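A.B. asks: I'd like to ask you about the structure that follows.
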Amino acid sequence: MEGIQSVVQLTSYLVSGRALFVIIHILGVVCFAYIVAKRLVPLVRGQRDLRFDQPLVRLGRVLKFWLGQWKQPRYKTAGTIHIFIFAGFIVLAMRAFTTLIVGVSENFVMPGLSGKAGPIYNTITDYAATVVFLCMVIAVIRRLVFKPARYAVPARFGKAHTPDAIFLLALIAILMVADSLFAAAKAAAESQQGQPLEVLAVFSLPWMLQSILASITLPTLGRLYFGAYLLHEVTFYFLLCYRPFGIQFHVETSLFNIYFAKLDREILKPVRWGVSEEHLDQVKSFGVKTFEDFTWKHMLDFYTCADCGRCSDNCPANAVGRPLSPRFITTKARDYAFQHYPMFGKSGNGKPLIGNIYSEDEIWSCTTCGACEAECPLLVEYIDKIVDLRRGMIDDGNVPQSLQKPLKALESRGNPYGKMEKKKADWTKAKEFQQDCNVKVVDGKNGADTLYFVDSITSFDDRMQSIGRATAKILKHVGENFGILGSAEKDSGHEVRRFGEETLFMALRDHNVEAIKASGVKRIVTADPHAYNALKHDYKDVPPVEHISQVIAREVKTGKIQFNPVENASSVYTYHDPCYLGRHNDIYDDPRDVLDAIPGLKRVEMTRSRDRSFCCGGGGLMLFYEPKEDQRMGVKRVQMAAEAGANVIVTACPFCMVNIEDAIKVAGLEGKMTAIDLAELVEKQIAGESQTVA
Amino acid sequence: MEILVCVRRVPDTSENEIQLNSAGDDIERDDLVYSINEADNYAVEEALQIVARVGGNVTVATVGGEDDEEVLRREMAMGASHGVLITDDAFSGSDGRGIATILKAFVQKGNYDLILTGIQAEDGGAQVGGMLAALLDYPFASLVNSIEVLDGKKLKVSREIEGGNKEISEIDLPCVLSIQTGINEPRYVGMKGIRAVASIPIPTFGVSNLGLEPSAVGEAAAKVKRVDYFVPALGKGAEILHGTREENIDKVLELVAAKGGLK
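Taken in order, these protein sequences are the chains called A and B.
Letter 482 of the first sequence, counting from 1, is numbered 486 in our numbering, and no numbers are missing.
Letter 25 of the second sequence, counting from 1, is numbered 28 in our numbering, and no numbers are missing.
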């Protein structure tokens, strides 16, 4: 090539190209290494987190969520743009690497691209650069003109992040232009000399630039070529070193964040990784109180968040104006880390997080519904962090008065209402019901195959007792030999644990596990998804557990359960997915299959359904908490059902029932909308005589 | 500041169904759950907050039996540095004055700047605090709902007056204060905290080491004796409003205003 010199040979003013670019390379790499090392300091000081098991499963998840961008299409526009950018980056990675080396060694060709593959790869990358550039333009326009609501930063969370986002987008755009200009100048020079070595992809950014440069003189092209290369170099390293200061750090961290992401999401993080329950007494401080109490992986989450706002966009607490917005749980912690682990000078200050960056109400506002985690494309975890922060508050005695009473009652009576243990089975003694369906208490004398685990609310709440009786009747109908624990059953402790009271949870669990084992049952059924989740994931060594909707769905298939047609054919039903049945346990189809098996039942879906279901307001202790909010979650949910055209909301959780029935009244929809539990509906519609109990 | 808080273990009204026993002279005590008397819990929290501001120690003491150790441990888990169980067979059947006499003897064994009690025991008569102050010849303020330490010798206290008003007083130390609920937000005590103090020995005091005459306390000395206990019959039912929502709101406002609830 004689037209223009390679960037290596070019000499500008004092230094040769090679020397200049060697210096830039070294400076860039050293700076980046230093910055990353500094960013790793808090991770080293953080708590343990055992995430090194099951490498194959983890790699599979990297393929799905990282390379496959699995969650991106949940947001069509942003997701599509992101997939293009991501694909562009992956394709361009090798080209960028080659370009960098060309600055030092002019004839470098990436192994494998020396033959025919080279031009094909170049064509692809020409288009990739073009696509990424266009995506940047679209992204900037979205940020400036269309301003999707989820990017807005409410005043209480600080300044808007738009300028930073646009700055970063612009840098990438510049990088793409520089890269294309570099290729275009070279191609233009070659073609002016009549020796085109490389054909640029038609309509690509380099191709268009080449046609603009066609009439430019060779020396100018030479300067442009060198300038474009310098611009590329400087932008590349600036971006590399600037990303760890903001939302684009995920370019580097996402791969690791997804590899180390939690595999068993339903299981809460232990109080301390590597400390067995027997040794918990020796752990002085529970939970997260200072930044350094977070595990290294949770800190990596903070670095990885891309600030896309999807978590908060789906967070019911955020939607009703509670002080919680998951996105800012992350960004506030990241800001804290950047501030207290600076690039130069002393790091860390150990200040308590509650009262400084988080408020108590913010942390108590979470219903642990999991909508944020279902949405996050980068698999950032929230529930474990919220629970850990609550554990810290509980440990410091920092608990709202509204929660202290039920917690105390759970300790002394085993239920949050402070009701006497001996009244736990009173729901079975309603006269008409008892004649029809006698529920035995399993103890030394009365054995049973199946345990119906009732839990506190269904045992003691007058309205929810009806769910208990419906469940019992269904079990009787399908010929199940079942019983209840009665006064020996304590609260499952599901919310006790999620509200951070681990020690009390362990006491409740141990009591129940012992009672279940003593009962000699072979399996457990419950109609309460919270109890279901506790028994299934929080308890160990108990017989297999099923939710009543699973039992019903199975018996509908076997034919043991058959339905009469619905009486009022004009009713339109919709199914509300309880968080702990749906999102946390993937039971979406069983309840729907059951509903669809009822003749004449007209069912519609709400826009928010399945793993995008909208929490009713939370269960267990959340019923006692008095949140600061503009509106009830349940009211929003009931309005969604109305929008879908439904007038009967079917749910499968007693807490959903409490919240939704209240919300129907608050929303002024009494008489227009009703709520019914799946078990109640099934019991009402069931046809024929019950099977005889074996 | 050395602070003594006198506490008591009572049946928890929110977690029990209180019923008369068959003899009709007491409540049915089987199957009851007990907890710290609520107002006493506020008193301990207040003591802890004072100590956090000005330094010192908080001691909690109760007159009772072995079972009452449970509430001492709960308050120690909250942060009290010492728990003391004042127990003796000779104490049983003491009336309010008897309890105050016992506490007086205990107070004189120590060197306390401030003595707090709850405003009243849930099963008691709000008498021990005042009597204890009188027996000690200490100044006394009841219904206290805020405390400010002025210097080493004085407190500024606010007392709740009927109608929600407040009266601010200065009071010399040492003194006795009875604490109103709502003065603060007591911290939560979890099982973990109680376990952490489970093995700390709790010293006991009785007639001999308090230098009390057995005849001055207990049933023999009691001049107030309970003769009956009854649960009042339920009154007439509540009024249910049957109008539309708007009508009901108007009616409720009218009723509340008529009873002086709205000004």
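The beta-carbon is built from N, C-alpha and C at its ideal position, and this holds for glycine as well.
Source: prediction; values computed, not measured.
Within 8 angstroms (strictly less), CB to CB, does D681(A) reach chain B?
C.D. replies: Here residue 681(A) refers to the residue found at position 677 when the first sequence is read from its first residue. With 8 angstroms as the cut-off, D681(A) does not count as an interface residue toward chain B.
A.B. asks: Roughly how many angstroms separate the alpha carbons of Y456(A) and S553(A), rounded to a whole number?
C.D. replies: As a position in the first sequence, residue 456(A) is number 452, starting the count at 1. As a position in the first sequence, residue 553(A) is number 549, starting the count at 1. About 13 angstroms.
A.B. asks: Looking only at C-alpha atoms, which of T184(B), I203(B), V220(B) sits nearest to D43(B)?
C.D. replies: Taking the second sequence and counting its residues from 1, the one referred to as residue 43(B) is at position 40. Per the Cα distances, T184(B).
A.B. asks: Within 8 angstroms of any Cβ in chain B, is that where the Cβ of V697(A) sits?
C.D. replies: What you label residue 697(A) is simply residue 693 of the first sequence in a count that begins at 1. Low per-residue confidence applies at V697(A): pLDDT is 42, beneath 50, and the placement is therefore not dependable, though the value from the model is reported in the following sentence. By this cut-off, V697(A) is not an interface position.
A.B. asks: Applying a beta-carbon distance threshold of less than 9 angstroms, which residues of chain B neighbour S416(A)?
C.D. replies: For the purposes of this step, residue 416(A) is identified with residue 412 of the first sequence, where counting begins at 1. Here the neighbours are D15, E18, V36, Y37, S38.
A.B. asks: With a threshold of 8 angstroms between beta-carbons, can G193(B) be considered close to chain A, or not?
C.D. replies: Position 190 of the second sequence holds residue 193(B). It does; some Cβ of chain A falls within 8 angstroms.
A.B. asks: Note the first and the last residue of the continuous alpha helix (DSSP H) segment covering R394(A).
C.D. replies: Position 390 of the first sequence, counting from 1, holds the residue named residue 394(A). Per DSSP, R394(A) belongs to the alpha helix (DSSP H) from 387–399.
A.B. asks: Would you grab the beta carbon distance between G250(A) and L172(A) for me? Rounded to a whole angstrom, and I think it's under 8 angstroms.
C.D. replies: On the first sequence, residue 250(A) is found 246 positions in, with the first residue counted as 1. On the first sequence, residue 172(A) is found 168 positions in, with the first residue counted as 1. Confirmed, about 7 angstroms.
A.B. asks: Can you say whether W368(A) is buried or exposed, counting buried as having 16 or more other CB atoms within 10 angstroms of its CB?
C.D. replies: Numbered from 1 along the first sequence, position 364 holds the residue referred to as residue 368(A). W368(A) should be labelled buried.
A.B. asks: My assumption, with CB atoms under 8 angstroms, is that R52(A) sits in contact with F264(A). Please give the rounded CB distance.
C.D. replies: Against the first sequence, residue 52(A) aligns to sequence position 48. Against the first sequence, residue 264(A) aligns to sequence position 260. Not really, about 13 angstroms apart at Cβ, beyond 8 angstroms.
A.B. asks: What does the alpha-carbon distance come out to for the pair G166(B) and F143(B)?
C.D. replies: Mapped onto the second sequence, residue 166(B) falls at position 163. Mapped onto the second sequence, residue 143(B) falls at position 140. Taking the straight line joining both Cα atoms gives about 22 angstroms.
A.B. asks: Taking buried to mean at least 16 other C-beta atoms within 10 Å of its own C-beta, is G221(B) buried or exposed?
C.D. replies: Here residue 221(B) refers to the residue found at position 218 when the second sequence is read from its first residue. G221(B) comes out buried.
A.B. asks: Using a Cβ cut-off of 9 angstroms, pull out every chain A residue sitting near E125(B), in sequence order please.
C.D. replies: Taking the first residue of the second sequence as 1, we reach residue 125(B) at position 122. In chain order: nothing, as chain A lies at least about 14 angstroms away.
A.B. asks: Taking V403(A) as the query, report the chain B residues whose CB atoms sit under 8 angstroms from its CB, ordered along the chain.
C.D. replies: Locating residue 403(A) in the first sequence gives position 399, where the first residue counts as 1. In chain order: R190, Y191.
A.B. asks: Mind checking who I203(B) pairs with in its DSSP beta bridge?
C.D. replies: Taking the first residue of the second sequence as position 1, residue 203(B) is located at position 200. Paired residue(s): none; I203(B) is not in a bridge.
A.B. asks: Which term fits N126(A), buried or exposed, when burial requires 16 or more other beta carbons within 10 angstroms of its beta carbon?
C.D. replies: By one-based count along the first sequence, residue 126(A) stands at place 122. With 16 or more Cβ atoms within 10 Å of its Cβ, N126(A) is classed as buried.
A.B. asks: Taking L411(A) as the query, report the chain B residues whose CB atoms sit under 8 angstroms from its CB, ordered along the chain.
C.D. replies: Working through the first sequence from its first residue, we reach residue 411(A) at position 407. Neighbours of L411(A) on chain B, chain order: Y191, G193.
A.B. asks: Alpha carbon to alpha carbon, how far is M5(A) from P123(A)?
C.D. replies: Translated into positions along the first sequence, residue 5(A) becomes position 1. Translated into positions along the first sequence, residue 123(A) becomes position 119. Summary for M5(A): the model assigns pLDDT 41, below 50, so the residue's position carries little reliability, and this model does not support an answer.
A.B. asks: Can you name the start and end residues of the alpha helix (DSSP H) that E665(A) belongs to?
C.D. replies: Position 661 of the first sequence, counted from the start, is the residue given in the question as residue 665(A). 658–670 is the extent of the alpha helix (DSSP H) around E665(A).
A.B. asks: Any idea which residues DSSP pairs R607(A) with across the strands?
C.D. replies: Sequence index remark: in the first sequence, residue 607(A) carries index 603 (1-based). Bridge partners of R607(A): Y577(A).
A.B. asks: Can you name, in chain order, every residue of its own chain whose Cβ lies under 8 angstroms from the Cβ of F342(A), other than the five neighbours on each side?
C.D. replies: Translated into positions along the first sequence, residue 342(A) becomes position 338. Within the same chain, F342(A) has close Cβ partners F249.
A.B. asks: Chain A beta carbons: is any one of them nearer than 8 angstroms to that of M79(B)?
C.D. replies: Locating residue 79(B) in the second sequence gives position 76, where the first residue counts as 1. It does not; no Cβ of chain A falls within 8 angstroms.
A.B. asks: Reducing DSSP to helix, strand and coil, say where K159(B) ends up.
C.D. replies: The count along the second sequence starts at 1 and reaches residue 159(B) at position 156. Strand.
A.B. asks: D297(A) touches chain B at which residues, Cβ-Cβ below 8 angstroms?
C.D. replies: The residue labelled residue 297(A) in the question sits at position 293 within the first sequence. Residues of chain B passing the Cβ test: none, with the nearest at roughly 16 angstroms.
A.B. asks: Which full runs of the beta strand (DSSP E) of 3+ residues lie inside the stretch 432–509 of chain A, going along the chain?
C.D. replies: Taking only runs of at least 3 residues, the beta strand (DSSP E) segments lying wholly in the stretch 432–509 of chain A are 454–457, 486–488.
A.B. asks: Start and end of the beta strand (DSSP E) containing E151(B)?
C.D. replies: As a working note, residue 151(B) is residue 148 in the second sequence. 143–152 is the span of the beta strand (DSSP E), which, as asked, contains E151(B).
A.B. asks: Using a beta-carbon distance cut-off of less than 7 angstroms, what residues from the stretch 192–216 of chain B approach chain A?
C.D. replies: Correct list: V192, G193, M194, K195, R198.
A.B. asks: Report the three-state DSSP secondary structure of G196(B) (helix, strand or coil).
C.D. replies: The residue you call residue 196(B) lines up with position 193 of the second sequence. It is helical.
A.B. asks: Roughly how many whole angstroms lie between the Cα atoms of R22(A) and G231(A)?
C.D. replies: The residue you call residue 22(A) lines up with position 18 of the first sequence. The residue you call residue 231(A) lines up with position 227 of the first sequence. The alpha-carbon atoms of R22(A) and G231(A) are separated by roughly 14 angstroms.
A.B. asks: Consider the Cβ of L512(A): report whether some Cβ of chain B lies at a distance smaller than 8 angstroms.
C.D. replies: Taking the first sequence and counting its residues from 1, one reaches residue 512(A) at position 508. Judged by the 8 angstroms Cβ criterion, L512(A) is not in contact with chain B.
A.B. asks: Identify the continuous beta strand (DSSP E) that holds H551(A) and give its terminal residues.
C.D. replies: Taking the first sequence and counting its residues from 1, the one referred to as residue 551(A) is at position 547. Its beta strand (DSSP E) spans residues 549–551.
A.B. asks: Reducing DSSP to helix, strand and coil, say where E41(B) ends up.
C.D. replies: On the second sequence, residue 41(B) is found 38 positions in, with the first residue counted as 1. Three-state DSSP puts E41(B) in a helix.
A.B. asks: Can you name the start and end residues of the alpha helix (DSSP H) that S211(B) belongs to?
C.D. replies: Here residue 211(B) is taken as the residue at index 208 of the second sequence, counted from 1. Where S211(B) is concerned, the enclosing alpha helix (DSSP H) stretches over 210–213.
A.B. asks: What does the alpha-carbon distance come out to for the pair T562(A) and I556(A)?
C.D. replies: What you label residue 562(A) is simply residue 558 of the first sequence in a count that begins at 1. What you label residue 556(A) is simply residue 552 of the first sequence in a count that begins at 1. Near 10 angstroms, if we compare the C-alpha coordinates of I556(A) and T562(A).
A.B. asks: Pick helix, strand or coil for E173(B), following the three-state DSSP scheme.
C.D. replies: Taking the second sequence and counting its residues from 1, one reaches residue 173(B) at position 170. Three-state result, E173(B): strand.
A.B. asks: Please classify A476(A): is it buried, with 16 or more other beta-carbons within 10 angstroms of its beta-carbon, or exposed?
C.D. replies: Here residue 476(A) corresponds to residue number 472 of the first sequence, with the count starting at 1. Buried, since its Cβ has 16 or more Cβ neighbours within 10 Å.
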